[in-house]
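There are 2 protein chains.
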Amino acid sequence: MTPVTLSSEHEALFERFSDGKVLGLARAISVVENERPGFQELLHTVMASGPQARRVGFTGPPGAGKSSLVAAVATEYRKLDEHLGVVAVDPTSPYSGGALLGDRIRMNDISMDPGIFIRSMATRGSLGGLAATTKEVVDLMDAFGFDRVLVETVGVGQTELEVTAAADTVVVVLVPESGDAIQAMKAGLMEIADVFVVNKADRPGAPRLVKELRQALHLRSGSALRDIPAHHGVDLGQVVKKERTTEAPAEAPEGWSVPVLTTNALTNDGVDTLLETIQEHRIWLDEAGELERRRRARAEIRIRDVVDREMRRIAWKSSDVRALLARGVDDIANGDGTPYSAAEVILEALMR
Amino acid sequence: MTPVTLSSEHEALFERFSDGKVLGLARAISVVENERPGFQELLHTVMASGPQARRVGFTGPPGAGKSSLVAAVATEYRKLDEHLGVVAVDPTSPYSGGALLGDRIRMNDISMDPGIFIRSMATRGSLGGLAATTKEVVDLMDAFGFDRVLVETVGVGQTELEVTAAADTVVVVLVPESGDAIQAMKAGLMEIADVFVVNKADRPGAPRLVKELRQALHLRSGSALRDIPAHHGVDLGQVVKKERTTEAPAEAPEGWSVPVLTTNALTNDGVDTLLETIQEHRIWLDEAGELERRRRARAEIRIRDVVDREMRRIAWKSSDVRALLARGVDDIANGDGTPYSAAEVILEALMR
């Protein structure tokens with residue numbers, strides 16, 4: 018392994034971090050989040066011992082009550098005397114860079130507990146940057162020595178992917194209002210969920226959503242592709258078949274059938290079963306060799322992310338390249354080029 | 018401008034495309050979507066004349082009825098004899114790559130009209146790739162000569178950003194169920210909306226959402242930051258102030274106050290007002306010089322996207338680099354490295 022030298026400032030920071038000082042962790046996160054000079058060397062140093070914490074991701078659409086559920090789950094783990102890190106990703110304004118608080122407020126009652134460290138992160142608009150930094154903050158929490166790291170991501174679509182790249186177990190949280198099982202399939206939630214939770218289960222529509230999800234999961238498991246009636250105007254059988262005939266990487270876990278649980282984060286109903294299920298999933302991950310596989314897949318994504326980010330950073334920090342970019346924009350505005358001709362000029366300059 | 022040579026196949030394709038043959042467009046989209054060899058040269062060739070079409074983006078959370086609204090809006094534009102392209106981005110499985118249909122079904126009644134060309138796109142999971150290709154398909158539709166291109170994107174969070182990079186006018190579609198104004202602020206919707214539409218306006222909660230959005234927009238315009246009572250546990254005044262004191266690029270349009278409209282896509286209520294508002298926004302874009310500014314900002318994003326994509330492509334196609342990647346994953350699994358040491362080795366190889 019390449020020997021890495023930390024600046025004396027980061028050396029001191031690493032010492033505080035290794036001593037389990039929460040302020041050291043907070044400072045390290047801030048260095049990483051702001052991509053301060055040397056942040057990668059710092060990450061390399063703290064991550065030397067590899068992943069240790071149990072990482073559980075919570076994702077789902079806005080309004081599903083994820084924060085409340087994470088707070089409820091965290092409270093239970095605290096009763097088991099686990100030390101916890103919580104990373105919550107807020108999809109706030111890409112333009113302002115400001116982190117609004119909103120749901121975080123609900124975590125107030127647990128946030129005074131010294132056994133929990135909560136970090137709320139804003140997304141930054143840069144597609145690549147966001148993903149990388151979130152995962153790195155999870156890595157920091159892991160390296161800090163928490164028994165468990167809970168990662169909460171909001172959003173439907175791209176953001177969910179991040180959670181698979183940061184967590185061992187992915188809990189997808191839905192509510193009846195967030196749509197039907199078809200929409201969950203469309204959003205790719207079927208592929209990433211290790212556990213489905215229908216939260217706010219006292220609301221009308223919850224039993225129907227549970228039933229739909231179970232049906233869709235059953236279909237996905239391939240046991241009954243044919244004789245399914247059309248549903249919501251879409252033939253589920255067709256949809257699933259189409260999906261399954263596409264060249265898919267072997268992502269579908271074997272030997273784990275995704276359960277659909279119900280919870281009510283406010284009354285704590287179902288939270289104990291959720292904890293048991295997360296534990297069962299962990300045992301399966303270990304026994305099936307899936308934890309190792311997931312960690313390798315994560316390592317690959319992480320390497321690619323770091324390389325891509327460094328390539329971008331190196332490319333766009335060059336003042337020559339920035340001048341070519343500005344000229345390209347002018348050319349396009351004047352009808353004298355396209356993004357492709359401008360990009361070609363920049364790429365040629367980069368190759369030189 | 019760099020002279021570009023098309024393959025003879027793409028030369029023939031370009032001819033059909035320029036002749037206004039829909040099959041030529043469909044084929045060009047497929048070339049671009051699959052990033053076939055020469056797709057960038059093809060894009061460069063068709064885009065030589067610059068943007069012409071009016072581009073209107075529709076975005077918002079799943080279940081907001083965006084597809085129905087786009088269908089209703091498209092029907093009205095057809096009555097005005099406009100030729101329309103519609104690009105709908107489905108956040109389907111990143112793993113399967115398959116495009117599910119779902120909402121698209123509702124577009125069936127307009128999809129037989131030869132004056133409309135609808136293309137439903139799957140997202141591909143690759144964060145960068147997705148964004149670039151979607152925008153490029155919009156560019157193709159623009160270059161094909163449609164009077165107007167409607168872009169529908171689903172999702173909350175990153176996906177919305179894409180719509181600003183593809184459209185001149187961004188319509189954010191919400192329903193009472195999709196949450197309150199605080200959530201819209203959190204998701205960055207305040208910053209990207211040129212027009213808010215509360216769809217399914219006959220539902221309970223619609224008037225309240227309209228009121229909240231207007232209040233939040235009013236706050237955002239900076240006219241009444243101080244004397245706002247705490248709301249939903251969050252002091253909106255604080256939130257907005259925090260947001261505004263952060264270093265923000267000068268994105269906030271001046272002279273356009275974002276309207277909050279109500280529609281019911283199924284009964285067509287409010288759709289005429291939406292069309293008028295989109296037209297008013299277009300006039301403002303022209304008169305305020307904002308269209309030019311937005312097109313320049315888009316051009317810059319596009320150039321960066323193309324350069325970043327090419328850098329990634331060039332880097333990861335190398336078999337040496339792929340071997341180093343595999344070795345890096347092994348090293349990490351064996352506790353003999355981190356993503357940063359592995360990335361460093363790869364970057365060194367790339368620089369050589």
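As you go down the protein sequences, you meet chains A and B in turn. Per the working numbering: the first sequence = residues 18 to 369. Per the working numbering: the second sequence = residues 18 to 369. Positions of the beta carbon are idealized from the N, C-alpha and C atoms, including for glycine. All figures in this text were calculated on a predicted structure; none of them were measured in a lab.
task: For Val21(B), name the three-state secondary structure that DSSP assigns.
output: Walking along the second sequence from the start, residue 21(B) turns up at place 4. In the structure shown, Val21(B) sits in coil (DSSP, three-state: anything other than H, G, I, E or B).
C-beta neighbour in chain B for Trp333(A), strict 9 Å: Residue mapping note: residue 333(A) aligns to position 316 of the first sequence, counting from 1. Output row for Trp333(A): interface = yes.
- prompt: Using a Cβ-Cβ cut-off of 6 Å (strictly less than) and excluding sequence neighbours within five positions of His61(B), which residues of its own chain qualify?
  reply: For the purposes of this step, residue 61(B) is taken as the residue at position 44 of the second sequence. Excluding positions up to five away in sequence, the list reads Val21.
task: Please decide whether Gly352(B) counts as near chain A, where near means a Cβ-Cβ distance under 9 Å.
output: Position 335 of the second sequence, counting from 1, holds the residue named residue 352(B). Interface residue, yes.
- prompt: In the region 64-84 of chain A, which residues sit with their C-beta less than 9 Å from some C-beta in chain B, listed in chain order?
  reply: Met64, Ala65, Ser66, Gly67, Pro78, Pro79, Gly80
- prompt: Cα-Cα, which of Asp219(A), Ser358(A), Asp211(A) is closest to Glu286(A)?
  reply: Reading the first sequence from its first residue, position 269 is the one you call residue 286(A). The amino acid occupying residue 286(A) in the given sequence is Asp; Glu does not appear at that position. When only C-alpha atoms are compared, the closest one is Asp219(A).
message: The alpha helix (DSSP H) that contains Phe56(A), what's its start and end?
response: Looking up residue 56(A) in the first sequence gives position 39. Counting along the chain, the alpha helix (DSSP H) containing Phe56(A) begins and ends at 56-63.
field: Nearest candidate by alpha-carbon position, reference Gly37(A), set Glu52(A), Ile133(A), Ala314(A), Thr181(A)
entry: For the purposes of this step, residue 37(A) is taken as residue 20 along the first sequence, with counting starting at 1. Ranking the options by Cα distance to Gly37(A), first place goes to Ile133(A).
field: When Ala184(A), Val106(A), Lys228(A) are compared against Leu191(A), the one with the closest alpha-carbon
entry: Counted from its first residue, the first sequence places residue 191(A) at position 174. Closest option to Leu191(A), Cα to Cα, is Lys228(A).
task: Count the other CB atoms, across all protein chains shown, that sit within 10 Å of the CB of Gln200(B); report buried if there are 16 or more and exposed otherwise.
output: Walking along the second sequence from the start, residue 200(B) turns up at place 183. When all chains shown are included, Gln200(B) counts as buried.
message: Measuring alpha carbon to alpha carbon, tell me which residue in Gly352(B), Ala366(B), Arg319(B) is nearest Ala360(A).
response: Within the first sequence, numbered from 1, the residue matching residue 360(A) stands at position 343. Cα-wise, what sits closest to Ala360(A) is Arg319(B).
- request: Would you mind sorting Ile209(A) into buried or exposed? The rule is 16 or more other CB atoms within 10 Å of its CB.
  value: Here residue 209(A) refers to the residue found at position 192 when the first sequence is read from its first residue. Under this definition Ile209(A) is a buried residue.
- prompt: Between the Cα of Ser35(B) and the Cα atoms of Val63(B), Ser238(B), Val49(B), which residue gives the shortest distance?
  reply: In the second sequence, counting from the first residue as 1, residue 35(B) sits at position 18. Nearest option by C-alpha distance: Val63(B).
query: Under 9 Å between the Cβ atoms of Ala160(B) and Gln69(B)?
result: Along the second sequence, read from residue 1 onward, the residue named residue 160(B) stands at position 143. Along the second sequence, read from residue 1 onward, the residue named residue 69(B) stands at position 52. Contact flag set, yes.
query: Which same chain residues, not among the five before or five after Leu42(B), have their C-beta less than 8 Å away from its C-beta?
result: One-based indexing of the second sequence puts residue 42(B) at position 25. So the qualifying residues of the chain are Phe34, Phe134, Leu157, Met158, Phe161.
Stretch pair the region 309-325 of chain B + the region 336-347 of chain A: three plus CB contacts closer than 8 Å: yes
query: What residues in the region 287-321 of chain A have a beta carbon less than 8 Å from any beta carbon of chain B?
result: Glu309, Arg312, Arg313, Ala316, Glu317, Arg319, Ile320, Arg321
field: Beta carbon proximity, Ser35(A) to chain B, threshold 9 Å
entry: For the purposes of this step, residue 35(A) is taken as the residue at position 18 of the first sequence. For Ser35(A), the answer is no, since every Cβ of chain B falls outside 9 Å of its Cβ.
- prompt: Using a beta-carbon distance below 9 Å, is Ser358(B) in contact with chain A?
  reply: Here residue 358(B) corresponds to residue number 341 of the second sequence, with the count starting at 1. Cβ-Cβ to chain A under 9 Å: yes for Ser358(B).
message: Pull the bridge partners of Ile7(A) from the DSSP assignment, please.
response: Absent from the model: residue 7(A). The displayed extent of chain A is 18 to 369, so no value can be given.
message: Nearest by alpha-carbon distance to Lys96(A): which of Leu206(A), Gly80(A), Leu292(A), Ser84(A) is it?
response: The count along the first sequence starts at 1 and reaches residue 96(A) at position 79. Out of Leu206(A), Gly80(A), Leu292(A), Ser84(A), Leu292(A) has the C-alpha closest to the C-alpha of Lys96(A).
Coarse secondary structure for Gly407(A), derived from DSSP in three states: As displayed, chain A neither begins before 18 nor continues past 369, which places residue 407(A) out of reach and without an answer.
- prompt: Is Pro193(B) closer than 9 Å to Val215(B) when the C-beta atoms are compared?
  reply: Locating residue 215(B) in the second sequence gives position 198, where the first residue counts as 1. Locating residue 193(B) in the second sequence gives position 176, where the first residue counts as 1. In contact: Val215(B) and Pro193(B) (Cβ atoms closer than 9 Å).
message: If the criterion is Cβ atoms closer than 9 Å, does the pair Glu99(B) and Asp164(B) meet it?
response: Here residue 99(B) refers to the residue found at position 82 when the second sequence is read from its first residue. Here residue 164(B) refers to the residue found at position 147 when the second sequence is read from its first residue. In this structure, Asp164(B) lies closer than 9 Å to Glu99(B) by Cβ.
- request: Going by CA-CA distance only, name the one from Leu367(A), Gly272(A), Ala81(A) that's closest to Ser336(A).
  value: Locating residue 336(A) in the first sequence gives position 319, counting from the first residue. Among Leu367(A), Gly272(A), Ala81(A), the Cα nearest to that of Ser336(A) is on Leu367(A).
- prompt: Roughly how many angstroms separate the alpha carbons of Val73(A) and Val90(A), rounded to a whole number?
  reply: The sequence position of residue 73(A) within the first sequence is 56, counting from 1. The sequence position of residue 90(A) within the first sequence is 73, counting from 1. Those two C-alpha atoms are separated by around 11 Å.
Of the listed residues Ala81(B), Glu52(B), Ser66(B), Ser24(B), nearest to Leu283(B) (C-alpha basis): In the second sequence, counting from the first residue as 1, residue 283(B) sits at position 266. For the residues Ala81(B), Glu52(B), Ser66(B), Ser24(B), the minimum Cα distance to Leu283(B) belongs to Ala81(B).
task: Answer yes or no: does any C-beta atom of chain B fall closer than 9 Å to that of Ile133(A)?
output: Within the first sequence, numbered from 1, the residue matching residue 133(A) stands at position 116. False, the Cβ-Cβ gap to chain B never drops below 9 Å.
- prompt: Roughly how many whole angstroms lie between the Cα atoms of Glu297(B) and Val104(B)?
  reply: Within the second sequence, residue 297(B) is the residue found at index 280, counting from 1. Within the second sequence, residue 104(B) is the residue found at index 87, counting from 1. Cα to Cα, the separation comes out at about 23 Å.
Among Leu342(A), Asp289(A), Gly205(A), the one whose alpha carbon lies nearest that of Gly77(A): The residue given as residue 77(A) occupies position 60 in the first sequence. Minimum Cα distance to Gly77(A) is reached at Gly205(A).
query: For chain B, is any of its Cβ atoms less than 9 Å away from the one on Val21(A)?
result: The sequence position of residue 21(A) within the first sequence is 4, counting from 1. For Val21(A), the answer is yes, since a Cβ of chain B falls inside 9 Å of its Cβ.
field: Anticipated Cβ contact below 8 Å, Val275(A) with Phe213(A), distance rounded
entry: In the first sequence, residue 275(A) corresponds to position 258, counting from 1. In the first sequence, residue 213(A) corresponds to position 196, counting from 1. At roughly 6 Å, the Cβ-Cβ gap stays under 8 Å, so Val275(A) and Phe213(A) are in contact.
message: To test your reading of the DSSP string, which unbroken alpha helix (DSSP H) runs of 4 or more residues are found completely within the region 280-318 of chain A?
response: 288-304
In DSSP terms, what Leu278(B) is bridged to: One-based indexing of the second sequence puts residue 278(B) at position 261. Note: Leu278(B) sits in a beta bridge opposite Val214(B).
field: Sequence-distant residues of its chain with Cβ nearer than 7 Å to Arg53(A) (five each side left out)
entry: Against the first sequence, residue 53(A) aligns to sequence position 36. For Arg53(A), where only same-chain residues beyond five positions count, there are no Cβ hits under 7 Å.
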